[in-house]
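Asks: With full-length UniProt numbering, the residue at position 375 of the sequence shown is 375, and numbering never jumps. All C-beta atoms, glycine included, are put in the ideal place defined by N, C-alpha and C. This is the structure I want to talk about, given as structure tokens.
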Amino acid sequence: MSARVVAFAAAGVALAMLAGLLDIAQGQGDVPLGDVWSALFNRGESLNDALVLDIRLPRAAAGIVAGFALAGAAIILQAITRNPLAEPATLGLTAGGALAVTLVAAYATLAPGAPTIAVAFVGVAVGTALIGTMAAAGGGGVRLILAGMAVGLALAAGTAAVRLTKETETSGLFLWGAGSLLQNGWGPLTAGALIAAPALLATLLLTRSLDVAVLGEHTARALGQRAGLVQLASVTLAAVLTAVAVGLVGPIAFVGILAGGLARAARPKGHLQALLVALPWGAAILLAADVAGRVITGLDTETPAGVVCALIGAPVLVIVAKRLRGEVGQQLDTRASGARWRPRAALLAALLLPVAIIASLCLGEIDIGPGEVVKSIFGSGSPLGEIALESRAPRLAVALLGGACLAASGTVLQAAVRNPFAGPELAGVVGGASVGAFLVLLVYPDAPTLVLPFASFAGALLAMAAVLALAGGTSPTRLALIGLAVTAACSAVTMLMLLNAQPAAATAITWLIGSTYATSWADFRMLLVPAVILLPLVFLAVRRLDVLMLDDDLSRSLGLHTSRTRALLLAAGAALGAAAVAVCGAIAFVGLLAPHAARLLAGGNHRRSLPMAMVLGALLLGLADTVGRTVLAPTEIPSGLIVSLIGAPYLAVLLWRSRTA
Numbered sequence: 001m002s003a004r005v006v007a008f009a010a011a012g013v014a015l016a017m018l019a020g021l022l023d024i025a026q027g028q029g030d031v032p033l034g035d036v037w038s039a040l041f042n043r044g045e046s047l048n049d050a051l052v053l054d055i056r057l058p059r060a061a062a063g064i065v066a067g068f069a070l071a072g073a074a075i076i077l078q079a080i081t082r083n084p085l086a087e088p089a090t091l092g093l094t095a096g097g098a099l100a101v102t103l104v105a106a107y108a109t110l111a112p113g114a115p116t117i118a119v120a121f122v123g124v125a126v127g128t129a130l131i132g133t134m135a136a137a138g139g140g141g142v143r144l145i146l147a148g149m150a151v152g153l154a155l156a157a158g159t160a161a162v163r164l165t166k167e168t169e170t171s172g173l174f175l176w177g178a179g180s181l182l183q184n185g186w187g188p189l190t191a192g193a194l195i196a197a198p199a200l201l202a203t204l205l206l207t208r209s210l211d212v213a214v215l216g217e218h219t220a221r222a223l224g225q226r227a228g229l230v231q232l233a234s235v236t237l238a239a240v241l242t243a244v245a246v247g248l249v250g251p252i253a254f255v256g257i258l259a260g261g262l263a264r265a266a267r268p269k270g271h272l273q274a275l276l277v278a279l280p281w282g283a284a285i286l287l288a289a290d291v292a293g294r295v296i297t298g299l300d301t302e303t304p305a306g307v308v309c310a311l312i313g314a315p316v317l318v319i320v321a322k323r324l325r326g327e328v329g330q331q332l333d334t335r336a337s338g339a340r341w342r343p344r345a346a347l348l349a350a351l352l353l354p355v356a357i358i359a360s361l362c363l364g365e366i367d368i369g370p371g372e373v374v375k376s377i378f379g380s381g382s383p384l385g386e387i388a389l390e391s392r393a394p395r396l397a398v399a400l401l402g403g404a405c406l407a408a409s410g411t412v413l414q415a416a417v418r419n420p421f422a423g424p425e426l427a428g429v430v431g432g433a434s435v436g437a438f439l440v441l442l443v444y445p446d447a448p449t450l451v452l453p454f455a456s457f458a459g460a461l462l463a464m465a466a467v468l469a470l471a472g473g474t475s476p477t478r479l480a481l482i483g484l485a486v487t488a489a490c491s492a493v494t495m496l497m498l499l500n501a502q503p504a505a506a507t508a509i510t511w512l513i514g515s516t517y518a519t520s521w522a523d524f525r526m527l528l529v530p531a532v533i534l535l536p537l538v539f540l541a542v543r544r545l546d547v548l549m550l551d552d553d554l555s556r557s558l559g560l561h562t563s564r565t566r567a568l569l570l571a572a573g574a575a576l577g578a579a580a581v582a583v584c585g586a587i588a589f590v591g592l593l594a595p596h597a598a599r600l601l602a603g604g605n606h607r608r609s610l611p612m613a614m615v616l617g618a619l620l621l622g623l624a625d626t627v628g629r630t631v632l633a634p635t636e637i638p639s640g641l642i643v644s645l646i647g648a649p650y651l652a653v654l655l656w657r658s659r660t661a
């Protein structure tokens with residue numbers, strides 16, 4: 001073992017010890033370090049002794065166990081995927097664990113008395129299965145990370161749906177869901193440590209096999225390794241370690257990326273040395289984040305370590321993306337497998353739109369017949385029909401136009417970045433809009449209704465501008481990764497503001513999930529203005545979108561100024577997404593799924609696929625609005641949740657199909 005590796009490992013141990021002592025000493029009532037030391041080794045009956053041993057020490061110990069688990073899982077995942085950005089959060093595993101725990105908390109009869117870690121393992125296994133379809137088929141690199149983030153979005157949307165519909169039952173998960181080290185005694189922590197210890201020991205024993213596995217499956221088999229068995233053991237250990245971390249401290253991102261990056265900086269010879277460096281650094285990072293969280297907002301409030309880790313990890317991801325060399329020029333195909341022009345299917349989809357509009361106007365808490373709807377439109381209907389129509393028509397119009405704009409935004413972004421998993425959700429647009437909206441709710445809770453859309457629109461444009469500026473060019477891969485980093489940073493800032501905006505928390509959460517509730521004709525006109533300006537410009541550029549899908553060198557040979565065209569189209573796509581999110585809230589998946597479905601029906605030619613995507617986006621969000629206000633009437637389900645619940649299974653199908661793309 002080289003001196004550099006020893007130095008890195010020793011530095012991690014020292015920082016973990018220092019951060020652990022500070023974590024125990026600080027809080028609403030500071031405990032002198034001398035008293036901490038005395039309590040640890042000579043327990044008395046003083047209040048400080050009880051505070052240290054029963055409250056502060058379990059918290060610090062949870063940071064160590066979870067930090068070890070996240071770092072160990074990251075080393076395994078980075079080895080089997082041969083991807084330095086792989087970790088439980090970027091592959092959607094932590095989101096799966098969080099969803100499972102939330103479900104059991106909301107519906108206790110699903111698994112009465114089940115340990116949290118066991119429940120989290122089931123959810124992690126689901127996330128592993130979803131993302132494993134790509135890894136097993138060789139879908140690696142940035143494509144795998146983008147797919148993992150998309151899976152994470154789907155699972156997180158499911159978590160949000162459960163928490164919204166079962167608010168009372170899941171109220172105790174608020175801090176845990178943001179990634180908090182706070183513990184309720186020693187019981188869960190002891191169980192987690194007893195599970196993590198043998199899993200980490202098994203990981204240490206597996207490192208020799210990982211050294212061979214990184215050479216590739218064919219080489220590993222040639223060297224006599226049972227590659228399938230090694231992959232199964234690796235994935236199982238990573239899932240167990242992730243479940244321990246999620247069960248103890250909630251879903252926390254970037255600890256694995258940071259610890260793995262520091263391990264690589266030590267230049268280890270093999271995965272055993274890398275693991276020995278990463279483990280103490282994982283604990284050090286998590287404990288330091290917990291200490292920093294109380295420094296950021298003061299000792300009297302709780303800023304979860306998960307928020308701090310995201311704020312630290314996002315800039316690191318930007319640095320990694322800017323240093324990428326091998327994959328920067330890689331073309332990420334946006335063409336759907338088997339996509340071709342299907343006129344009958346496309347016509348059927350287009351005809352469904354007016355049918356859906358009529359159905360939406362008819363259905364609700366009070367049903368209206370189609371004839372009555374037509375009469376009300378022309379002013380000759382019954383008073384009850386006209387009242388119902390007045391409340392449904394504007395929100396339906398907003399949903400249709402918002403869905404069309406989100407779909408157009410996703411189509412443009414996917415073509416410009418050449419990645420089927422790109423979209424407003426993963427390009428910083430939705431995250432930036434959320435920050436803008438939450439900032440208004442935090443600073444000016446009683447702001448006029450029109451202020452919120454303008455603030456979110458400005459936030460979305462600033463986020464996309466940050467993505468373009470940080471990318472330092474228009475490389476598709478770099479843009480995609482930096483979009484992920486900005487999205488993660490925006491999510492952390494949003495959570496930080498949400499923790500400090502309790503009076504406006506209900507409004508903020510509803511907007512964050514995405515809802516067309518109570519939208520009016522004024523909202524429709526506000527969205528119509530950017531749509532009328534930007535959509536014609538996008539339609540004029542459909543040929544350029546087709547060319548951009550080709551290799552950059554080929555695009556230039558066809559006379560296209562690639563960088564300038566991509567930047568302009570990215571700006572237009574971001575503006576469309578920002579306008580829709582500003583009015584409809586942070587609705588996910590429309591911009592991701594509608595373009596892909598459109599390519600299946602209309603082929604890869606944007607002259608056909610762009611309008612088809614807009615029709616499908618309008619149809620999707622319009623139906624979501626209708627379902628959301630009718631299924632549990634008079635209770636409203638935010639349309640963003642309905643879209644996410646539809647999008648999650650479709651995303652699974654998309655991942656399965658993309659194996660051969």
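Rounding to the nearest angstrom, what Cα-Cα distance links D290 and G27 in this structure?
Replies: As a working mapping, residue 290 is identified with position 290 in the sequence shown. As a working mapping, residue 27 is identified with position 27 in the sequence shown. Taking the straight line joining both Cα atoms gives about 11 Å.
Asks: Along the alpha helix (DSSP H) that carries G20, what are the first and last residues, could you check?
Replies: Along the sequence shown, read from residue 1 onward, the residue named residue 20 stands at position 20. Run containing G20: 3-25, per the alpha helix (DSSP H) assignment.
Asks: Thinking C-alpha only, which one of L535, A154, V65 is nearest P611?
Replies: Indexing the sequence shown from 1 puts residue 611 at position 611. Answer by Cα proximity: L535.
Asks: Compare the C-alpha of V119 against each of G97, A196, V318 and name the closest.
Replies: Your numbering for residue 119 matches position 119 in the sequence shown. Of the candidates G97, A196, V318, the one whose C-alpha sits nearest the C-alpha of V119 is G97.
Asks: What is the residue span of the alpha helix (DSSP H) that V529 lies within?
Replies: On the sequence shown, residue 529 is found 529 positions in, with the first residue counted as 1. Its alpha helix (DSSP H) spans residues 521-540.
Asks: In angstroms with no decimal places, state the Cα-to-Cα distance between P343 and A161.
Replies: What you label residue 343 is simply residue 343 of the sequence shown in a count that begins at 1. What you label residue 161 is simply residue 161 of the sequence shown in a count that begins at 1. When rounded, the distance between both Cα atoms is 36 Å.
Asks: Taking C-alpha atoms, which residue in V451, S434, D551, L540 lies nearest to V493?
Replies: If you number the sequence shown from 1, residue 493 lands on position 493. V493 has its Cα closest to that of S434, out of V451, S434, D551, L540.
Asks: Hey, V542 and R599: beta-carbon distance below 7 Å or not?
Replies: In the sequence shown, the residue the question calls residue 542 occupies position 542. In the sequence shown, the residue the question calls residue 599 occupies position 599. Not in contact: V542 and R599 (Cβ atoms no closer than 7 Å).
Asks: Distance check for A263 and I75, CA to CA, integer angstroms please.
Replies: For the purposes of this step, residue 75 is taken as the residue at position 75 of the sequence shown. For the purposes of this step, residue 263 is taken as the residue at position 263 of the sequence shown. Rounded to the nearest angstrom, the two C-alpha atoms are 9 Å apart.
Asks: Assuming contact is defined by CB atoms lying nearer than 7 Å, are A79 and L206 in contact in what I supplied?
Replies: In the sequence shown, counting from the first residue as 1, residue 79 sits at position 79. In the sequence shown, counting from the first residue as 1, residue 206 sits at position 206. No.
Asks: Of the residues L15, D49, L400, N42, which one's Cα is nearest the Cα of V31?
Replies: The residue you call residue 31 lines up with position 31 of the sequence shown. Per the Cα distances, D49.
Asks: Quick check on S382: does DSSP put it in helix, strand or coil?
Replies: Walking along the sequence shown from the start, residue 382 turns up at place 382. Note: S382 maps to coil in three-state DSSP.
Asks: How long is the line joining the alpha carbons of L70 and L462, rounded to whole angstroms?
Replies: Working through the sequence shown from its first residue, we reach residue 70 at position 70. Working through the sequence shown from its first residue, we reach residue 462 at position 462. L70 and L462: Cα-Cα distance of roughly 32 Å.
Asks: Measuring alpha carbon to alpha carbon, tell me which residue in Q273, V101, A489 is nearest A259.
Replies: For the purposes of this step, residue 259 is taken as the residue at position 259 of the sequence shown. Among Q273, V101, A489, the Cα nearest to that of A259 belongs to Q273.
Asks: Rounded to a whole number of angstroms, what is the C-alpha to C-alpha distance between G338 and T565?
Replies: Sequence index remark: in the sequence shown, residue 338 carries index 338 (1-based). Sequence index remark: in the sequence shown, residue 565 carries index 565 (1-based). Its pLDDT being 49, under 50, G338 is placed unreliably by the model, and the measurement read from it follows with that caveat. So the two alpha carbons sit approximately 28 Å from each other.
Asks: Determine the burial state of F41: buried for a count of at least 16 other Cβ atoms within 10 Å of its Cβ, exposed for fewer.
Replies: For the purposes of this step, residue 41 is taken as residue 41 along the sequence shown, with counting starting at 1. Flag for F41 reads exposed.
Asks: For the segment 98-107 against the segment 232-252, are there 3 or more C-beta pairs whose distance is under 8 Å?
Replies: Contact between the segment 98-107 and the segment 232-252 is present, because at least three Cβ pairs lie under 8 Å.
Asks: Using 10 angstroms around the beta-carbon of D8, count the other beta-carbons present and answer buried if the total reaches 16, otherwise exposed.
Replies: Translated into the one-based positions of the sequence shown, residue 8 becomes position 8. Contrary to the premise, residue 8 reads as Phe rather than Asp in this sequence. Label assigned to F8: buried.
Asks: If you draw a straight line from the C-alpha of L146 to the C-alpha of G127, how long is it?
Replies: The sequence position of residue 146 within the sequence shown is 146, counting from 1. The sequence position of residue 127 within the sequence shown is 127, counting from 1. Their Cα atoms are separated by approximately 14 Å.
Asks: What is the residue span of the alpha helix (DSSP H) that A95 lies within?
Replies: Translated into positions along the sequence shown, residue 95 becomes position 95. Residues 93-106.
Asks: At the level of alpha carbons, what is the spacing between A336 and E87?
Replies: Within the sequence shown, numbered from 1, the residue matching residue 336 stands at position 336. Within the sequence shown, numbered from 1, the residue matching residue 87 stands at position 87. With a pLDDT of 49 at A336, under the threshold of 50, the modelled position of this residue cannot be trusted; read the value that follows with caution. Roughly 27 Å separates the two Cα atoms.
Asks: Where does T170 fall in DSSP's three states?
Replies: The count along the sequence shown starts at 1 and reaches residue 170 at position 170. Of the three classes helix, strand and coil, the one that applies to T170 here is coil, per DSSP.
Asks: With DSSP collapsed to three states, give me the class of M497.
Replies: Indexing the sequence shown from 1 puts residue 497 at position 497. The answer is helix: DSSP assigns M497 an H, G or I state.
Asks: Does DSSP classify S609 as helix, strand or coil?
Replies: Mapped onto the sequence shown, residue 609 falls at position 609. Three-state result, S609: helix.
Asks: Whole angstroms is fine: what's the gap from Y444's alpha carbon to V532's?
Replies: Looking up residue 444 in the sequence shown gives position 444. Looking up residue 532 in the sequence shown gives position 532. Taking the straight line from one Cα to the other gives about 31 Å.
Asks: Kindly indicate which residue of L540, T81, K375 has the alpha-carbon position closest to the one of L232.
Replies: As a first step, residue 232 is located in the sequence shown; it is residue number 232 there, counting from the start. With distances taken between Cα atoms, L232 lies closest to T81.
Asks: Can you tell me where the alpha helix (DSSP H) holding V590 begins and where it ends?
Replies: Numbered from 1 along the sequence shown, position 590 holds the residue referred to as residue 590. Element bounds for V590: 590-602.
Asks: By alpha-carbon positions, which one of G270, A455, S2 ends up nearest to G436?
Replies: Within the sequence shown, numbered from 1, the residue matching residue 436 stands at position 436. Checked all of G270, A455, S2; the closest Cα to G436 is A455.
Asks: Count the other C-beta atoms from every protein chain shown that fall within 10 angstroms of the C-beta of A633, then say buried if there are 16 or more, exposed otherwise.
Replies: Along the sequence shown, one-based indexing puts residue 633 at 633. Exposed, because fewer than 16 other Cβ atoms sit within 10 Å of the Cβ of A633.
Asks: Starting from I377, trace the alpha helix (DSSP H) in both directions and tell me its first and last residue.
Replies: Taking the first residue of the sequence shown as position 1, residue 377 is located at position 377. Counting along the chain, the alpha helix (DSSP H) containing I377 begins and ends at 370-377.
Asks: What are the boundary residues of the alpha helix (DSSP H) that includes E217?
Replies: One-based indexing of the sequence shown puts residue 217 at position 217. Unbroken alpha helix (DSSP H) run through E217: 217-222.
Asks: Counting only the same chain and skipping the five closest in sequence on each side, list residues whose C-beta sits under 7 Å from that of C490.
Replies: Numbered from its first residue, the sequence shown carries residue 490 at position 490. Cβ within range, chain order: G428, G431, G432, S434, V435, A463.
Asks: Are there 16 or more other CB atoms within 10 angstroms of the CB of H271, so buried, or fewer, so exposed?
Replies: Residue 271 sits at position 271 when you count from the first residue of the sequence shown. When all chains shown are included, H271 counts as buried.
Asks: Could you tell me the distance, in whole angstroms, from the CA atom of A39 to the CA atom of T168?
Replies: Residue 39 sits at position 39 when you count from the first residue of the sequence shown. Residue 168 sits at position 168 when you count from the first residue of the sequence shown. The alpha-carbon atoms of A39 and T168 are separated by roughly 38 Å.
Asks: Alpha carbons only, please: which of G617, L182, T411, A572 is nearest the one belonging to V590?
Replies: Counting from 1 along the sequence shown, the entry for residue 590 is found at position 590. For V590, the nearest C-alpha among the options comes from G617.
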